[in-house]
Amino acid sequence: MTPDEAVRALTAPLAPLDEAVDALGRDAGLVAWWGTDVPARGPAHPTDPGWVLLDVGDATMLRNRVTRQDLYRTGVSAIRRALAGLLLDDLALAPTWAAEVVLTTADEERLTGWMRAHLRLSAVVDVDRKLLLGPVRDALAPGLREDGDTARAARERFAAAAGPRPVRDPSVAFRRP
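Mapped onto this note's numbering, the consecutive letters of the sequence shown carry residue numbers 11 to 187.
This is how it looks when you write it as structure tokens:
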């Protein structure tokens with residue numbers, strides 16, 4: 011697949027989020043996250059008014075990436091950390107330290123609920139996803155591009171909200187909040 015073909019596939023009309031997730035398989039590929047009413051700018055979707063491109067990422071297994079990372083835990087998802095940083099006040103999120111900065115289960119659920127209401131995704135299957143990622147990101151210029159200033163500032167805000175990293179007492183067993 012060429013980068014142009016991948017861009018066309020990722021900018022096809024958007025299905026509701028649950029339908030798009032259900033259609034994902036265990037194949038490698040790219041995933042594009044689109045948002046509405048998001049406190050971030052990005053290019054508009056070419057056929058679905060009101061939706062802007064937030065990020066494009068790659069996955070070894072598309073379904074796992076989306077269901078076990080992006081729609082699940084902030085500690086393993088760059089898009090979740092960026093959104094959490096942007097939505098700290100709106101969703102009253104309170105990041106805390108574990109092995110890294112994380113959200114409590116209640117905050118994770120609140121963020122996931124917001125994502126389900128305000129995000130859609132598109133995906134394309136391609137085993138050469140790593141080769142496609144750079145050219146596709148460059149062509150689409152997502153607003154929360156993982157290596158972009160907006161996403162970096164949002165992730166830094168998320169981490170800073172947890173406060174300074176506490177000194178861990180080795181005699182106390184680690185437990186996720």
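C-beta atoms are modelled at their ideal positions from N, C-alpha and C, and glycine is treated no differently.
One Cα belongs to A22, the other to A69, and the distance between them is close to 19 Å.
By the Cβ-count criterion, S181 is exposed, with fewer than 16 other Cβ atoms from all chains shown falling within 10 Å of its own Cβ.
Residue environment: R18 is assigned as exposed (fewer than 16 neighbouring CB atoms within 10 Å of its CB, all protein chains considered). With respect to the 7 Å criterion, G45 and L129 are classified as neighbours on the basis of their beta carbons. For R126, no pairing in a beta bridge is given by DSSP.
Cβ contact annotation for R73 (same chain, cutoff 8 Å, sequence separation greater than five): V31, L34, G35, R36, in chain order. Counting every other CB atom within 10 Å of its CB across the protein chains shown gives D138 a total below 16, marking it as exposed.
CA-to-CA, the gap between D136 and M11 works out to about 7 Å. Relative to the Cα of V66, the nearest Cα in the group A164, L150, L98, A163 belongs to L150. By the criterion of at least three beta-carbon pairs nearer than 8 Å, the segment 140-160 is not in contact with the segment 114-122.
Just so you know, the alpha carbons of R90 and L81 end up roughly 8 Å apart.
Judged by DSSP in its simplified three-state form, L40 adopts strand. C-alpha of V62 to C-alpha of W107: approximately 32 Å in a straight line. Going by DSSP, D14 is part of the alpha helix (DSSP H) stretching over 13-20. In the three-state reduction of the DSSP assignment, D65 falls in the strand class, which pools E and B.
Between W43 and L131, the CB-CB gap stays under 7 Å.
In the structure shown, V31 adopts helical secondary structure according to DSSP, grouped into three states.
For L98, no alpha helix (DSSP H) encloses it, and the DSSP letter there is neither H nor E. For V135, the beta-bridge partners assigned by DSSP are G39.
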